[in-house]
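Data block below; observations after.
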Amino acid sequence: MFKKNKVAISVVTGILGLAGVMTSAQAVHVNQDGTGQVLLFPYYNANDGYVTNVNLVNSTDQTKAVKIRFREGKSSNDVLDFNIYMSPEDIWTGSVKAGDDGKGNMVGTLSTSDRTCTLPALASCADGKCQAEVPFTGHNLYKGVTAADTREGYIEVIEMGVVEDTAVKAGVLHKNGAPADCKTVEAAWTPSTSGGKGTFSQGAGTAAAGVSAPTGGLFGSSAIVNVGKGSAYALDPVAIDNYTTQAQHYLSHDPDNFLLPSLASGNVASSSVMTKTSTGESEMVVTQWTAQKDACLEDKDELTPQCGTNPYPIAHVLLAPHLMNEYFLDPTDGYDGHTDWVVTFPMKKHGINAATTDVVATFENGIFDREEGRAGWVASSGTSFGFSPPIGMGNVKVDDSSLLNREVNVISFKSTDPSYDASRTLLSSDSKQSVSVGSFVSGWARLSFPGYSLSSGFQSAQGYSAKPSTYTADSNVYKGVPATGAAFLEGNVSANPNARFGDALPYKVQRD
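Residues -27 to -1, 1 to 485 in mature numbering (1 follows the signal peptide of the UniProt record, and there is no 0) are what the sequence shown spells out, letter by letter.
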């Protein structure tokens, strides 16, 4: 194993140069090993019997302060966040399901019986409360957000730092299945003048007393399950590393700081991605980015506090000019195939790609069947392929572009095959859009975002390869929108309604 690692390191060093390897390690990047300081769960669903189970793992031997934030699907508003204090090798688990908000509205609701210490305390059992149910009440706080919006969304997990306070480290450590004393967390946050220890304080860097810089090592998983339908979809989060080199420790109930830390508040101003040169060689590109105005303070909502001025590094590592994935709609032999794509824009809230406008997306020349057939519009038959409704109608063809006006978008694929069941959709989303693939019943598609780039934040860039390329703000490596998500496919193995199969397929990215 040692010799293999040495060979791997020497190969990478030979291709990129030692400076490239070191620079990449210091820049924001997606960690293909699956661990990181930041975990981005692209989708949760609490519609029509769906429950989303979330697992969060601290794989290190350190005690970690972690922020978990649930964002609703329309505008990415924070509908619930809290701090988790994870002991070494700890796991926290929770579920998002539908629940009553006390006013007759069915909203997304966090359910957990996990004993790991949280602030505020959830299922600690210290007061006999071993099961916590917390409704997402954002529709009562934010303009234009409905109860249905809270039943779909995405989840951010951000490591705030490594806990150094010895009392807290001892208190959150598990013994016989439970933490020793979660009250140590509250005591650390309570000033000594009020009877506490006062060892924690809000802020970043040295201002975050009692906590040191994050070290990464978080990983997780999610499963979107519908017991009634007999379906389940496993979806791992995107793991992002080297997002920050300083601690960021904040309270969730502070009206001025509850959005911190965020995907835009890390202090690392560079990103690292792999691309292809004009000759087809692999090259690492490390880009320096400028700061921008805090988009949260610019959104004209008096309830929105600061959330950070450094969105570009994470935006770049999530950038996609084209998303590719599969679809399965086959109605024959009892398959009853259905497909929904979920496209999430986690950086739109932070001002990337004009946060107040919708994202124009297109399937133009990008829908294929399994035999290389390409979908198109046939004037004689009037058969159309693409979004419904389209942006505009032409005399020659239907414009197959559409506006993705949410931060979590569900796109339901439809077939004109006479046996296809169009009466239902896979994810039961109230906010879905549809795309027609004509008479095709299986294949793949390419969703494109023409005209978008990160050029406004570009400062400088350096390529690392045998013959490094030159990069400017207009280079292709900066084109596209920050996006994540998956294609959800399901069907029956026979006419037996209980013999269902399903899968969640992460997107593949095509670059120009």
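We treat Cβ as the ideally placed atom computed from N, Cα and C, and that holds for glycine. Here the structure is a predicted model, which means the values were calculated and not measured.
Per DSSP, the beta-bridge partners of ALA207 are ALA196.
Leaving aside the five residues that flank THR217 on each side, the residues in its chain whose CB is nearer than 7 Å to its CB run, in chain order, GLN10, PRO187, GLY239, ASN240, VAL241. Rounded to the nearest angstrom, the gap between the Cα atoms of VAL24 and TYR444 is 45 Å. The shortest C-alpha to C-alpha distance from ASP229 to any of THR85, THR119, GLN279, GLN(-2) is the one to GLN279. Taking a 10 Å sphere around the C-beta of HIS295, we find 16 or more other C-beta atoms and assign the residue as buried.
Beta-bridge partners of TRP417 (DSSP): GLU299, PHE341.
By the beta-carbon neighbour count (other beta carbons within 10 angstroms, threshold 16), ALA180 is exposed. Under a 10 Å Cβ-count criterion, LYS266 is classified as exposed, with fewer than 16 other Cβ atoms of the shown protein chains found around its own Cβ. By the criterion of at least three beta-carbon pairs nearer than 8 Å, the segment 427 to 439 is not in contact with the segment 457 to 471.
In terms of Cα proximity to GLU380, the closest of SER442, LYS170, HIS323 is HIS323. Exclusion of the five residues before and after ASP390 leaves PRO304, SER412, VAL414 as the residues of its chain whose Cβ lies within less than 7 Å of its Cβ. GLN261 is bridged by DSSP to SER243, SER433. Nearest C-alpha to PHE386 among ASP309, GLU125, LEU208: ASP309. For PRO441 and SER448, the gap between their C-alpha atoms comes out near 14 Å. The three-state reading of DSSP puts ASN283 in coil, since its state is none of H, G, I, E or B. PRO15 has its alpha-carbon roughly 29 Å from the corresponding atom of VAL145. The closest CA to that of ALA212, considering only GLU256, ASN149, GLY7, is found on GLY7.
With respect to the C-alpha of SER438, the residue from THR250, ILE287, VAL200 having the closest C-alpha is THR250. With a cut-off of 8 Å on Cβ pairs, the segment 203 to 211 is not in contact with the segment 145 to 162, counting fewer than three such pairs. Cβ atoms of LEU83 and VAL118 stay farther apart than 8 Å, at about 17 Å. Annotation note: the segment 50 to 106 contains the following uninterrupted beta strand (DSSP E) runs of length 3 or greater, listed N- to C-terminal: 51 to 59, 64 to 73, 79 to 85, 90 to 92. SER404 places its beta carbon less than 9 Å from that of LYS47. Around the Cβ of ASP138, a 10 Å sphere holds 16 or more other Cβ atoms; the residue is buried. Taking ALA293 as reference, the option from ASP54, GLY77, TRP314, GLN483 with the minimal CA-CA separation is GLN483.
Judged by DSSP secondary structure, ASP476 falls within the beta strand (DSSP E) whose first and last residues are 473 to 479.
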